[in-house]
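If you read the sequence shown in the numbering used here, its first letter stands for residue 4, the second for the next number, and so on.
Even for Gly, the Cβ is constructed at its ideal location relative to N, Cα and C.
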Amino acid sequence: MERAEMKRVAVLMGGPSSEREVSIATGTGVLQALQSLGYQAESFDFDYRVVEALRSFAPDVVFNALHGVGGEDGQAQAILEWMGLPYTGSGIQGCAMSMDKHITKKLLAAEGLPTPAWDVFDLRGGTLPLLPGLNLPLVVKPVDEGSSVGVTIVRTHDQWKEAMIAYSERYARVLVEEYIAGREFSVPVLFNDVLPVVEIVSEDAFYSYDAKYKAGGSRHVIPAPIGEELTARLQMLALSTHRLMNLRDYSRTDILLSREGRPYILEVNTLPGLTLTSILPDAARSVGIAYETLVDRLVRAALDRGREGLGAAGSAGRQ
4 MERAEMKRVA VLMGGPSSER EVSIATGTGV LQALQSLGYQ AESFDFDYRV VEALRSFAPD
64 VVFNALHGVG GEDGQAQAIL EWMGLPYTGS GIQGCAMSMD KHITKKLLAA EGLPTPAWDV
124 FDLRGGTLPL LPGLNLPLVV KPVDEGSSVG VTIVRTHDQW KEAMIAYSER YARVLVEEYI
184 AGREFSVPVL FNDVLPVVEI VSEDAFYSYD AKYKAGGSRH VIPAPIGEEL TARLQMLALS
244 THRLMNLRDY SRTDILLSRE GRPYILEVNT LPGLTLTSIL PDAARSVGIA YETLVDRLVR
304 AALDRGREGL GAAGSAGRQ
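Right, dumping it as C-alpha cells:
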C-alpha cells in the first residue's frame, strides 16, 4: 500500500451553488481526515481561479467535495478531465443525468423502477402554468437543485399560484410530483456494496435543508426497523438506480415508503454529503467503516483509475 504522505490531494469545495455551505462543511471534514492520514491535502474553492490554482498545486488526485450546480452536474468533472486529473466520485455522464431530476425520472420509469407521478414545467415563457392533472397536495422542486433546496409542498390553488410566481423569478424549470405520505429512507451505495438502509426521522413534512444539515434537525435510525424483506427491496432499488445512472464510487438514493407499504424512488445523490451529520458516513460507521477509512478508500479508488488511464475519464463504466 502506498504511503499516504507521498500523495498530494486537492479538496474541491465551496463553489457558487446554493449548497455552498454544505460543500464547505463536507470539504472541511474531508480535508481534516486526509491530513490526519498523512496526505498532503489542501482545499480549493471552485471559482474562476481554480484551474490556475490546481495547476500550481499539481495534485495527484482531486477529492470532489462539491454539491449542487457546477460541482455535481458534470461541469467540475469536465474541467478535471480536461486537466487530466483523477477525481473522486462519478463522471460527467452520471452526474449530468442525475442532477437533472426530469432525466432521472424518465430513466427510472423506463427501467420500471417505482417513482412518484410527475410533470415538468418550463417557466421561461412568461405565462404561469395551470395546475397539472395530479391531485393536490403536490411537491414542487427545481429540476436541478439538491439538498431539498427550493422544495415546496402545495396544498391549495392559491399556494400553487404563489409558488409558480416565486419559482419563475429564480428557476427555468420545475418538477411537480404527487405528494405521497409515508416514511423516508435513504440507501447509500459504496463501491457496489449497499450500506444499511437509513430511516430519516424529522419533524418537518419532508426531509428539508434544515433537517438535513442543522444539528438536531433529523435523526438517522440505522439500520431501519423494516424487516429483512423490505430492507433487501430498498437496497435492490438503490443499487439498480446507482447502476442505471452510470455512477461510481458512492451514491445515495432517497426512497419514500407509502402508508400502503409501496416504495418510491425520489432521487439519487451522486455526491452525497460527508458532513458530521450526513447519512452516508453514519451508515458506514454502523458497519465498522470509520470516517477516515471512508475518505481514504475514495481517494485510493481515484488514484487507481488514474494509473489505469481512467481517472480523468468519466467512461470508467459501471463499477
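Rounded C-alpha distance that separates residue i from residue j
i           : j           : result
residue 107 : residue 297 : 27 Å
residue 163 : residue 131 : 10 Å
residue 284 : residue 92  : 15 Å
residue 312 : residue 89  : 9 Å
residue 278 : residue 135 : 37 Å
residue 211 : residue 221 : With a pLDDT of 41 at residue 211, under the threshold of 50, the modelled position of that residue is not reliable, and the figure given next carries that caveat. Between residue 211 and residue 221, the C-alpha separation is close to 9 Å.
residue 79  : residue 236 : 33 Å
residue 213 : residue 206 : Its pLDDT being 47, under 50, residue 213 is placed unreliably in this model, and the value from its coordinates should be taken loosely. Roughly 11 Å separates the two Cα atoms.
residue 245 : residue 307 : 21 Å
residue 230 : residue 200 : 11 Å
residue 317 : residue 305 : Bear in mind that the predicted position of residue 317 carries a pLDDT of just 39, short of 50, making it unreliable; the figure below should be weighed with that in mind. Cα to Cα, residue 317 sits roughly 11 Å from residue 305.
residue 56  : residue 310 : 23 Å
residue 102 : residue 167 : 21 Å
residue 62  : residue 301 : 15 Å
residue 161 : residue 123 : 19 Å
residue 267 : residue 117 : 5 Å
CA nearest to the CA of residue i, picked from the options
i           : options            : result
residue 94  : 118, 67, 10, 256   : 67
residue 295 : 17, 34, 257        : 34
residue 253 : 291, 190, 236      : 190
residue 159 : 307, 178, 139, 167 : 139
residue 54  : 304, 81, 205, 32   : 81
residue 269 : 37, 28, 121, 96    : 121
residue 227 : 303, 265, 286      : 286
residue 165 : 133, 148, 62       : 133
residue 232 : 46, 47, 265, 203   : 265
residue 148 : 52, 117, 69        : 69
Residue j beta carbon less than 7 Å from that of residue i
i           : j           : result
residue 75  : residue 98  : yes
residue 154 : residue 144 : yes
residue 119 : residue 180 : yes
residue 146 : residue 176 : yes
residue 225 : residue 281 : no
residue 250 : residue 110 : no
residue 299 : residue 137 : no
residue 64  : residue 25  : no
residue 18  : residue 49  : yes
residue 37  : residue 44  : yes
residue 104 : residue 178 : yes
residue 71  : residue 20  : yes
Bounding residues of the alpha helix (DSSP H) (the contiguous stretch that carries residue i)
i           : result
residue 26  : 23-39
residue 285 : 282-289
residue 232 : 231-247
residue 170 : 160-171
residue 306 : 294-310
residue 95  : 95-102
residue 225 : First-last for residue 225: undefined, no H or E at that position.
residue 60  : 53-60
Bounding residues of the beta strand (DSSP E) (the contiguous stretch that carries residue i)
i           : result
residue 254 : 253-261
residue 16  : 11-16
residue 186 : 185-193
Residue-chain proximity (residue i, chain B), Cβ-Cβ < 7 Å
i          : result
residue 35 : Given the protein chain composition of this structure (a single chain), no chain B is represented.
Residue i beta carbon near the ligand ATP (any heavy atom closer than 6 Å)
i           : result
residue 259 : Summarising the ligand content, the structure contains no ligands, and the ligand ATP is consequently not present.
Review point. Does the stretch 193-200 come close enough to the stretch 266-278 that 3 or more CB-CB pairs lie under 8 Å?
Key: They do not touch, by the three-pair rule.
Check your understanding: At a cut of 8 Å, does the stretch 167-187 reach the stretch 117-127 through at least three beta carbon pairs?
Key -> Yes, the stretch 167-187 is in contact with the stretch 117-127.
Check your understanding: Is there contact here, the stretch 251-271 with the stretch 178-194, by at least three beta-carbon pairs under 8 Å?
Key -> Enough Cβ pairs lie closer than 8 Å, so yes.
Check your understanding: Touching or not, the stretch 287-294 and the stretch 234-248, by the rule of three or more beta carbon pairs under 8 Å?
Key -> Taking one beta carbon from each stretch, the stretch 287-294 and the stretch 234-248 have fewer than 3 pairs nearer than 8 Å; the two do not touch.
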